[in-house]
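S.K.: Below are the structure tokens for one structure; questions will follow.
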Amino acid sequence: MSILNELVTFEYENAYDSAYDFTLKKQYSIPKIYDANGDINKRWYVYFSFRNPESGRMERMTPYYGEAHKLKSKGQRRELLDFYRLTIF
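Going by my numbering, the first residue of the sequence shown is number 21, and it counts up by one from there.
Okay, here's the thing in structure tokens:
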């Protein structure tokens, strides 16, 4: 009976270690859209952060502007930036 008990305990510990490993950190954030609160006179862009492998900290990547600033309507800008966001992600 002790062998069975040891086996079950060993399997439980292995399952616990792999299933509940909270030390894994996200390597990047989900891309987000900056729309300047709807102001079309300002530049809209897509931004996200990526974990620096040397420091282990999240760092903001250079925003991606694309051609959104050339569009004159909020809907068109939003649509184009949604496309950029999905392409990056």
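Glycine included, each C-beta is placed from N, C-alpha and C at the ideal position.
Since L100 contacts L106 with CB under 8 Å, what's their CB separation in whole angstroms?
M.R.: With 8 Å as the limit, L100 and L106 do not qualify as a contact, their Cβ atoms being about 11 Å apart.
S.K.: Work out the CA separation of F68 and T82 for me, nearest whole Å.
M.R.: Their Cα atoms are separated by approximately 8 Å.
S.K.: When you compare each of D59, A56, R97 and E79 to I50 by their alpha carbons, which one comes out closest?
M.R.: I50 has its Cα closest to that of E79, out of D59, A56, R97 and E79.
S.K.: So, for N61: in the same chain, excluding its five sequence neighbours on each side, which residues have a beta-carbon less than 6 Å away from its beta-carbon?
M.R.: Cβ within range, chain order: n/a, list empty.
S.K.: Y84 to Y65, Cα distance in whole Å?
M.R.: Distance between the alpha carbons of Y84 and Y65: 6 Å.
S.K.: Smallest Cα separation from L44: which of G76, I53, H89 and S93?
M.R.: With distances taken between Cα atoms, L44 lies closest to G76.
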